[in-house]
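Asks: Supplied in structure tokens, the structure appears directly below.
2 protein chains.
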Amino acid sequence: MTANRRPRRSSGRITLNDVAGAAGVSPITASRALRGERTVDPALAERVREAADRLGYVPDPAARALASQRSTQVLVLVPLLSNALFVDLLEAVHRTLFPEGFQPLIGVTHYDSAEEELLLRTYLPHRPAGLLVTGFDRSEAARQLIVHSGVPCVHLMETSAAPGVACVGFSQQDAGATITRHLLERGRKRIAFCAAQLDPRVLQRAEGYRRTLREAGLYDPRLELLSPERSSIALGARLFEDLVQRMPDVDAIFFCNDDIAQGGLLAANRMRVDVPGRIAVAGFNDLAGSAQMVPPLTTIRTPRSEVGRAGADMLLGLMRGTLAQPQCVQLDYELIVREST
Amino acid sequence: MTANRRPRRSSGRITLNDVAGAAGVSPITASRALRGERTVDPALAERVREAADRLGYVPDPAARALASQRSTQVLVLVPLLSNALFVDLLEAVHRTLFPEGFQPLIGVTHYDSAEEELLLRTYLPHRPAGLLVTGFDRSEAARQLIVHSGVPCVHLMETSAAPGVACVGFSQQDAGATITRHLLERGRKRIAFCAAQLDPRVLQRAEGYRRTLREAGLYDPRLELLSPERSSIALGARLFEDLVQRMPDVDAIFFCNDDIAQGGLLAANRMRVDVPGRIAVAGFNDLAGSAQMVPPLTTIRTPRSEVGRAGADMLLGLMRGTLAQPQCVQLDYELIVREST
DNA sequence: CTGAAAGCGCTTACAG
DNA sequence: CTGAAAGCGCTTACAG
């Protein structure tokens, strides 16, 4: 009877060596078989898979990452989780990546470039297989970290004409123009723009608003209410009250996001301001609850799930090398007309 | 001039060896110094840190995880991201763990035990340093995976008397009883309970509702409207309409979550049902927007940020071995009375 | 307090 | 198509 000598530092886990031994092949062949490399004899490969199943073998991701210099995690950076927009985006990313063997690793930047940089510094050393980031607005240091990491990166929610930049988004400016045009077509003349957060995408919507009103000869800078505060229902209510008091002749408001628009609608309810009779109200994104507001909210349905899916798909191609050139995909948004305008 | 021989597989990265060389010590000493072990001569440690800084050394997490059999990631499993409750929880967890050198890895189960199991099977091989899960309701297989992994685990949002189980939460049942009692004190007799999702915590609130009404001799099972659908504003509106039509004598509704309560309030606005004149409406969780509803919503403020912080703190103790025994911490909730009741 | 050796569990690069 | 050797970059366990 041999003494039960355990190796000095065994973790007790079933290793590739065990599988190889059971299948009667070398560890390299076992490794190749399990990773589905083509260069393995089908019969051998089958024997290896069988042995792995029987032993309950699970590859060690750390060993794999160390040896191959690449993990299967995909770092996904979003500004916030409290905006349902990004939750929809993340869900779509997960649905696309996870079944393909990649695990999204969510990082929240809070619209703060220092935080984004810290997240990159923390997670890039893990050698993620890919990177999904929101928009193009980041510190130069963050940009350098991404480029020098050599990790394939797709930008979400905005589009860019810059060559070699992979992105999936839609035209925030055109969408902003579309909803403004809709208000004009409803016969409104004094159309206000209420915004919070003031991130680049909000400012692009603002530009669409301005462009449209200028073309109509109706632009008035006093009708722009821009707050750097975090977007919220409570803030929307305050902005609405403020605007109605200070600018009694306003006959329409384009809120840059549905949550502040909902707040505006609730404030109108409380103040008994007739919507759309006296003031038309429009939002942006078509978030949960907008269709149930009184009156239901006119808004832009943004394709965030589609952005997530298409962005993850593009990244998959980049990571696997099946997509040679980074692309820029522009998706469609949709104007949803409800009773608030 | 020596030929520029690069090692066969160098990743080009600065390694611990480089730092040790620059500091004139062995790699083990460098490793100990950088991890802050006490057994290193302060002067040497300082020299190592200096060298590391100068060279821009960043430890390789994969190598570290492989050698130490432990990563610095903490797996956090929540049911949904679309419920603001869990977003608050995650934010608190991140704020607590990240500065201490641990990175939360978010997994979303969608209230599906098969998905939870798959997430555990996928992420446990990464040897996370700790595990944070929502509630106690999971498959036996999932439970076994957790126990056998040996990874310290804290359960969030519910409390349990079971010994050896680490948890941080509050009494869902008592909170449900508290809001029901409040409605009774307002003189309501026909108090309905509207619920969605029907996860264990919702059912515990239901139990608190039943207990309280039974004690008051006012329990009527026909006043319970339980929907297995996902909780949402739209569903809340439907449940409200349904209830008002089928049970015209209902004079109060306790919604199990603020989002369906908000939907109920919006339906009341649309149907011109007087709240609280004809029907009092109460919610649960105190989510964004509840204070802005018309009328503002009475609800229970649940301590989810506190749960996240305290749960992460407890896990920190468990991971570091400074907390010998798993504990069960019960936190307080707060009744927020607004004008809807 | 410090270090030489071994090892964590894989994959790469080379050879056949 | 298959494998022996080396190596990825750390830390553990032992010795001094």
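Read top to bottom, the protein sequences are chains A and B.
The opening residue of the first sequence carries number 1 in UniProt numbering; numbering runs sequentially from there.
The opening residue of the second sequence carries number 1 in UniProt numbering; numbering runs sequentially from there.
For glycine and all other residues, C-beta sits at the position ideal for the given N, C-alpha and C.
Starting from the N-terminal side, write out each stretch of the alpha helix (DSSP H) that is 4 residues or longer and does not extend beyond the stretch 84-131 of chain B.
Replies: 84-97 and 113-123
Asks: With 8 angstroms set as the bound, which would you pick, yes or no: does the beta-carbon of N269 of chain A sit closer than that to a beta-carbon of chain B?
Replies: yes
Asks: Residues of chain A with CB under 7 angstroms from Q103 of chain B, in chain order?
Replies: The answer, in chain order, is T122.
Asks: So what does DSSP say about L315 of chain B, is it helix, strand or coil?
Replies: It is helical.
Asks: Taking DSSP's pairing of strands, which residues face A280 of chain A in a bridge?
Replies: A:A252
Asks: In this structure, what does DSSP give as the bridge partners for M157 of chain B?
Replies: B:G169
Asks: Can you list, in chain order, the residues of its chain with a C-beta nearer than 7 angstroms to that of R210 of chain B? Leave out the 5 residues immediately preceding and following it.
Replies: The residues are Y219.
Asks: Closer than 8 angstroms by C-beta to L225 of chain B: which residues in its own chain qualify, once you throw out the five before and the five after it? Chain order, please.
Replies: A192, F193, C194, A195, L239, D242 and L243
Asks: Are the beta-carbon atoms belonging to F170 of chain A and D332 of chain A less than 8 angstroms from one another?
Replies: In this structure, the beta-carbon distance from F170 of chain A to D332 of chain A falls below 8 angstroms.
Asks: When you compare only the Cα positions, how much space is there between Q325 of chain B and H155 of chain B?
Replies: Cα to Cα, the separation comes out at about 14 angstroms.
Asks: Could you spell out where the beta strand (DSSP E) holding R301 of chain A opens and where it closes?
Replies: Bounds of the beta strand (DSSP E) holding R301 of chain A are T299 to R301.
Asks: Could you confirm whether any beta carbon from chain A is found closer than 8 angstroms to the beta carbon of R127 of chain B?
Replies: yes
Asks: Taking M319 of chain A as the reference, which of A:D88, A:L80 and A:P128 has the closest Cα?
Replies: A:P128
Asks: Along chain A, in chain order, which residues have C-beta atoms closer than 7 angstroms to that of P61 of chain B?
Replies: P125 and H126
Asks: In its own chain, which residues sit with a C-beta less than 8 angstroms from the C-beta of F86 of chain A, not counting the 5 before and 5 after it?
Replies: V78, P79, L80, T134 and R304
Asks: Could you tell me which chain B residues have their CB closer than 9 angstroms to the CB of V58 of chain A, listed as they occur along the chain?
Replies: R121, L124 and P125
Asks: Is it right to say residue 355 of chain B is buried, meaning 16 or more other beta carbons lie within 10 angstroms of its own, or is it exposed?
Replies: Given a span of 1 to 341 for chain B in the structure shown, any question on residue 355 of chain B remains unanswerable.
Asks: Indicate the three-state DSSP secondary structure (helix, strand or coil) for V48 of chain A in the structure shown.
Replies: helix
Asks: Assign Q262 of chain A to buried or exposed, taking buried as 16 or more other Cβ atoms, counted over all protein chains shown, within 10 Å of its Cβ.
Replies: buried
Asks: Three-state secondary structure (DSSP) at A62 of chain A?
Replies: In the three-state DSSP reduction, A62 of chain A falls in the helix class (H, G or I).
Asks: Figure out for me which residue from B:A268, B:S227, B:G283 and B:A282 has the closest Cα to the Cα of Q245 of chain B.
Replies: B:A268
Asks: Please report the distance separating the alpha-carbon of R5 of chain A from that of R13 of chain A.
Replies: Below a pLDDT of 50, predicted positions are generally treated as unreliable, and R5 of chain A, at 42, falls in that range; the measurement from the model is reported next regardless. Answer to the nearest angstrom: the Cα atoms are 16 angstroms apart.
Asks: For N17 of chain A, does the count of other Cβ atoms within 10 angstroms reach 16, so buried, or fall short, so exposed?
Replies: exposed
Asks: Does A252 of chain A pass the burial test, meaning 16 or more other C-beta atoms within 10 Å, or should it be called exposed?
Replies: With a threshold of 16 other beta carbon atoms within 10 Å, A252 of chain A meets it and is buried.
Asks: What do you get for T109 of chain A, buried or exposed, if any count of 16 or more other CB atoms within 10 angstroms of its CB means buried?
Replies: buried
Asks: Return the residues of the stretch 231-256 of chain B that lie within a Cβ-Cβ distance of less than 9 angstroms from chain A, sorted by chain order.
Replies: Residues passing the 9 angstroms Cβ filter: S232, I233, A234, G236 and A237.
Asks: Do you know whose CA, among B:R54, B:Q173, B:A62 and B:S68, lies nearest R32 of chain B's CA?
Replies: Comparing Cα-Cα distances from R32 of chain B to each of B:R54, B:Q173, B:A62 and B:S68, the minimum goes to B:S68.
Asks: Based on the DSSP secondary-structure assignment, which residues constitute the bridge partners of F193 of chain A?
Replies: According to DSSP, F193 of chain A bridges with A:E224 and A:F254.
Asks: When DSSP builds the beta bridges, which residues end up paired with E334 of chain B?
Replies: In the DSSP assignment, E334 of chain B is bridged to B:R301.
Asks: So which residues on chain A does L90 of chain B lean against when the C-beta distance must stay under 7 angstroms?
Replies: L81
Asks: Can you find a CB in chain B that lies within less than 8 angstroms of the CB of G263 of chain A?
Replies: yes
Asks: Report yes if the C-beta distance between T212 of chain B and R181 of chain B is below 8 angstroms; otherwise report no.
Replies: yes
Asks: Against chain A, which members of the stretch 280-299 of chain B pass a CB distance test of less than 8 angstroms?
Replies: A288, G289, A291, Q292, M293 and V294
Asks: Are L183 of chain A and F254 of chain A close, meaning C-beta to C-beta below 8 angstroms?
Replies: yes
Asks: Less than 8 angstroms separating the beta-carbons of L145 of chain A and L120 of chain A?
Replies: Yes, Cβ-Cβ distance for L145 of chain A and L120 of chain A is below 8 angstroms.
Asks: Return no unless some Cβ of chain A is closer than 8 angstroms to the Cβ of V87 of chain B.
Replies: Proximity of V87 of chain B to chain A, defined by a Cβ-Cβ separation below 8 angstroms, is satisfied.
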